[in-house]
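Novice: The letter at position 202 of the sequence shown is residue 537 when you use my numbering, and the numbering goes up by one with no holes. Every residue, glycine too, gets a C-beta built ideally from N, C-alpha and C.
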Amino acid sequence: MLNFTVGPVQSSDYVREIGSEQVPYFRTDEFSEIMLENERLVKKLAKAPKNSRAVFITGSGTASMEATIINTLTKEDKAIVINGGSFGKRFVELCKIHEIPYSEIAIEFGKCLTEDMLMPYDNKGYTTLIVNVHETSTGVHYDIDMISEFCKRNNLFLIVDAISSFLADPFDMDKLNASVMITGSQKALACPPGISIIVLSAEAVERIENNDPKCMYLNLKSALKDQERGQTPFTPAVGILRQINIRLKEIEENGGVESEIERIQKLAMDFREKIKNLPFEFVSESPSNAVTSLHPLNVSAYDIFLELKNNYNIWICPNGGDLKDKVFRVGHIGALRIEDNDVLITALKDMEKRGLL
Ligand SMILES: *Cc1c(COP(=O)(O)O)cnc(C)c1O
Numbered sequence: 336m337l338n339f340t341v342g343p344v345q346s347s348d349y350v351r352e353i354g355s356e357q358v359p360y361f362r363t364d365e366f367s368e369i370m371l372e373n374e375r376l377v378k379k380l381a382k383a384p385k386n387s388r389a390v391f392i393t394g395s396g397t398a399s400m401e402a403t404i405i406n407t408l409t410k411e412d413k414a415i416v417i418n419g420g421s422f423g424k425r426f427v428e429l430c431k432i433h434e435i436p437y438s439e440i441a442i443e444f445g446k447c448l449t450e451d452m453l454m455p456y457d458n459k460g461y462t463t464l465i466v467n468v469h470e471t472s473t474g475v476h477y478d479i480d481m482i483s484e485f486c487k488r489n490n491l492f493l494i495v496d497a498i499s500s501f502l503a504d505p506f507d508m509d510k511l512n513a514s515v516m517i518t519g520s521q522k523a524l525a526c527p528p529g530i531s532i533i534v535l536s537a538e539a540v541e542r543i544e545n546n547d548p549k550c551m552y553l554n555l556k557s558a559l560k561d562q563e564r565g566q567t568p569f570t571p572a573v574g575i576l577r578q579i580n581i582r583l584k585e586i587e588e589n590g591g592v593e594s595e596i597e598r599i600q601k602l603a604m605d606f607r608e609k610i611k612n613l614p615f616e617f618v619s620e621s622p623s624n625a626v627t628s629l630h631p632l633n634v635s636a637y638d639i640f641l642e643l644k645n646n647y648n649i650w651i652c653p654n655g656g657d658l659k660d661k662v663f664r665v666g667h668i669g670a671l672r673i674e675d676n677d678v679l680i681t682a683l684k685d686m687e688k689r690g691l692l
């Protein structure tokens with residue numbers, strides 16, 4: 336199968352090779368070294384500020400979203416949550432469950448966040464802003480510079496879910512003055528699902544030290560303490576952490592985060608150019624390099640997904656809920672090449688010839 340979903344995505348041969356090895360015992364200096372290197376490299380790729388830290392949570396991206404809300408916020412906070420799709424909605428639900436006071440900025444499907452939408456919240460006593468910089472359900476990549484300016488002006492603690500955007504779109508945690516950045520193993524990191532990563536500024540670490548969350552597994556105080564020596568409080572997904580290590584070094588050796596972003600951007604631009612003559616409409620106002628959201632003009636989006644899966648050995652990414660028949664997405668993250676785009680375009684052209692588009 337050729338995989339154009341937004342996660343899990345295709346892994347490189349080297350990453351897959353590590354996955355086939357026996358999983359080693361992990362309370363060792365050797366594994367600690369891998370974990371310390373993982374922290375160092377992730378912080379470098381995120382352009383994390385001085386004195387920041389990173390922790391590795393065994394659990395998918397949502398585990399780190401929840402850990403961030405529980406550990407860095409309290410009932411004394413007042414949050415602005417940007418809700419432009421199913422991942423924004425997830426933060427709204429997390430604030431509700433954990434009783435963090437919040438206001439929600441709901442954005443129409445596929446639309447950007449504008450300065451006008453933020454203005455009513457200017458200078459109104461908010462303490463934090465929570466955003467999925469790439470709302471993967473719609474493919475919209477928000478203007479993070481504009482958000483960052485707003486947060487600086489209002490002295491807001493900025494929590495950024497960059498799970499599907501990290502390594503695909505430019506992100507400079509230090510310059511943006513972001514307090515938390517979250518990512519996951521199965522998106523552009525192109526490893527199996529199971530690990531999520533939280534990069535924490537010094538301010539975020541301080542908030543965690545002063546907080547007393549009612550949870551054990553997702554307690555970041557203990558995660559931070561153990562990660563000081565390259566360990567975790569509980570048995571982590573050891574195999575995936577070893578694969579992440581290989582992948583991070585692979586990115587470094589290939590020219591670092593800029594080269595990786597450029598590689599993904601090239602794939603996205605190539606695909607968007609080649610898809611132009613087919614009966615689709617682009618859905619997202621300001622697309623992330625990670626994914627292209629498309630609306631088929633004549634047929635059901637879900638039927639296209641099924642046909643490509645069943646008869647062409649290709650996975651694209653279907654949408655859920657109300658959008659199941661209206662929108663599908665094509666991911667550009669993972670071990671994909673320009674030739675793979677051509678295979679997908681050829682398949683779509685063949686479907687058009689067969690009257691299926
Ligand atoms: C994939 C993703 C997540 C995490 O989803 P999991 O299924 O828990 O890994 C969170 N936010 C965004 C924006 C994502 O793309």
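1. Where does G394 sit, in a helix, a strand or coil, going by DSSP?
2. Is there at least one non-hydrogen atom of ligand 1 closer than 7 Å to the beta-carbon of D507?
3. Short check: CB of R425 to CB of L535, under 8 Å?
4. What is the DSSP secondary structure of I651, counted as helix, strand or coil?
5. So the alpha helix (DSSP H) G666 belongs to, where does it begin and stop?
6. Could you give the first and the last residue of the continuous alpha helix (DSSP H) run that contains I482?
7. I think Q578 touches S367, with their Cβ atoms under 8 Å apart; what is that distance to the nearest whole Å?
8. Under 8 Å between the Cβ atoms of M516 and A381?
9. Please tell me whether, using a cut-off of 7 Å, the distance from the CB of H630 to the nearest non-hydrogen atom of ligand 1 is below it.
10. Between which two residues does the beta strand (DSSP E) harbouring D412 extend?
11. When the distance is taken between beta carbons, is Q521 closer than 8 Å to P343?
12. Could you check what DSSP says for E374 in three-state terms: helix, strand or coil?
13. Can at least three beta-carbon pairs, one atom from the segment 609-626 and one from the segment 470-479, be found at a separation below 8 Å?
14. Using a threshold of 8 Å, state whether the C-beta atoms of N546 and T409 are closer than that.
15. Is DSSP giving D660 helix, strand or coil here?
16. Excluding the 5 residues flanking L491 on each side, which residues of the same chain have their C-beta closer than 8 Å to its C-beta?
Specialist: This is what the structure holds:
1. coil
2. no
3. no
4. The answer is coil: DSSP assigns I651 none of H, G, I, E or B.
5. It is not in any alpha helix (DSSP H) - G666 instead sits in the beta strand (DSSP E) that spans F663 to G666.
6. Residues I479 to N489.
7. 17 Å between Cβ atoms; not a contact.
8. yes
9. In this structure, H630 has its beta carbon at no less than 7 Å from each heavy atom of ligand 1.
10. From DSSP, D412 is part of no beta strand (DSSP E); its letter is neither H nor E.
11. yes
12. helix
13. Segments in contact, yes.
14. yes
15. coil
16. I415, Y461, T462, T463, L464 and F485
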